[in-house]
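Okay, so here's the structure we're looking at.
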Amino acid sequence: MLNKAKHQLLMTQILKEIYSDIEISSTLGFKGGTCAYFFYHLPRFSVDLDFDLIQPKLADKQAVFDKIENILKKFGTIKEQQIKRWTIFFLLSYGDEEHNIKIEISTRENNNKYEPKEYLGIAMFGAKKETLFANKLAALIGRKNIAMRDVYDVYYFAKNSWEIDEEVLKFWTGRRLKEQLKKCLETVEKINDRDILRGLGEVLDEKEKNWAKKN
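Numbering (the numbering used here), first residue to last: 78 to 292.
Now the structure itself:
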């Protein structure tokens, strides 16, 4: 069973180590659901750490890989690690009965927007709200199988009147906002109500589960 407090503490410690390293701290932009949870009050707990290489053409991918590897070894056992075509990937285990933490660093060229942030005294580059929303709209119909966390996040962002960076959306999808929203709506309308909490059971509290079922 997911121990949210322990998992969050470990992710925070990893972030502190990464952004305390002067050699890589300026090269990584923190993004994804955990960024939204830490900085923008997303009610859904998020269990992974996602980053962009801010200037992938200039970055030494092997050096970043080695740095992250040495950091993660302090917190558990690395079950998987590799430099893929577009991703630096790690899977960290911190206990036999605990959740793993997946760390992914995208090495693709991108136009995601970042700004200086601080979390519990840790200075870092965090994705802007507009970028997070655009990325989620792209992911909603961009994955092989729809992820209910994307549906939840998009609904939450829209409900709270987040802006959307249309340039970022166009970069990732090739579509304008109106067209992407239409395709997302078509996808969401096909979801069976019984599936709405799939993959969300451990990351929502009871109040949020009830909210998701009703909305």
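From the three backbone atoms N, C-alpha and C, an ideal C-beta is built for every residue, glycine too. Quantities reported herein were computed from a predicted structural model and do not represent experimental measurements.
For residue i, which residues of its own chain have a beta-carbon under 8 Å away from its beta-carbon, when the five flanking residues on both sides are left out?
i	result
E157	F166, F167, L168
T190	Before going on, a small fix: residue 190 reads as Lys here, not Thr. Closer than 8 Å at Cβ, skipping near neighbours: A204, K205, E207, T208, D242, V245.
M134	It should be pointed out that residue 134 corresponds to Lys in this sequence rather than to Met. E186.
E240	K206, E207, F210
A136	T104, L130, T184
A216	A224, D227
R220	D227
What distance in whole Å lies between the Cβ atoms of residue j and residue i, which are believed to be in contact at a cut-off of 8 Å?
i	j	result
K144	D98	6 Å
Is it true that the CB of residue j sits closer than 8 Å to the CB of residue i?
i	j	result
I91	D125	no
F128	L105	yes
I131	F142	no
D230	A113	yes
F234	F107	no
N222	W249	no
I'd like the list of long-range same chain contacts for residue i, defined as Cβ closer than 7 Å, with 5 residues on each side in sequence excluded.
i	result
T164	E181, I182, S183, T184
M88	T111, L126, I178
S170	G153, T154, K156, N177
I218	K260, C261, T264
R162	none
L119	G110, A113, D230, Y233
L254	I241, E243, L246
Y117	K206
Rounded to whole angstroms, what is the Cα-Cα separation between residue i and residue j?
i	j	result
F115	Y196	7 Å
K83	A140	29 Å
N188	R252	15 Å
M78	L86	16 Å
I268	E100	45 Å
K236	A224	19 Å
E94	E256	41 Å
L258	E266	12 Å
K151	K194	25 Å
N147	K138	14 Å
S238	L214	14 Å
Which residues in the same chain have their Cβ closer than 6 Å to the Cβ of residue i, if we skip the five residues on either side of it in sequence?
i	result
K81	F122
Y96	S102, I199, M201
G109	D127
T192	Reading off the sequence shown, one finds Glu at residue 192, where the question assumed Thr. Result list for E192: K205, in chain order.
E175	none
Is any non-hydrogen atom of the ligand MG found closer than 7 Å to the C-beta of residue i, if you look at the structure I gave you?
i	result
R121	Absence of the ligand MG from the depicted structure is noted, as is the absence of any ligand whatsoever, leaving it without description.
In terms of residues, what are the limits of the alpha helix (DSSP H) holding residue i?
i	result
I99	Per DSSP, I99 belongs to no alpha helix (DSSP H) and is neither H nor E.
I223	Unbroken run through I223: none, as it is neither H nor E.
L254	254-266
T250	243-250
Locate the beta strand (DSSP E) running through residue i, then write down its first and last residues.
i	result
N73	Here the chain comprises residues numbered 78 to 292, so residue 73 is not present and cannot be evaluated.
K138	No beta strand (DSSP E) contains K138, which is instead part of the alpha helix (DSSP H) from 138-149.
G106	105-108
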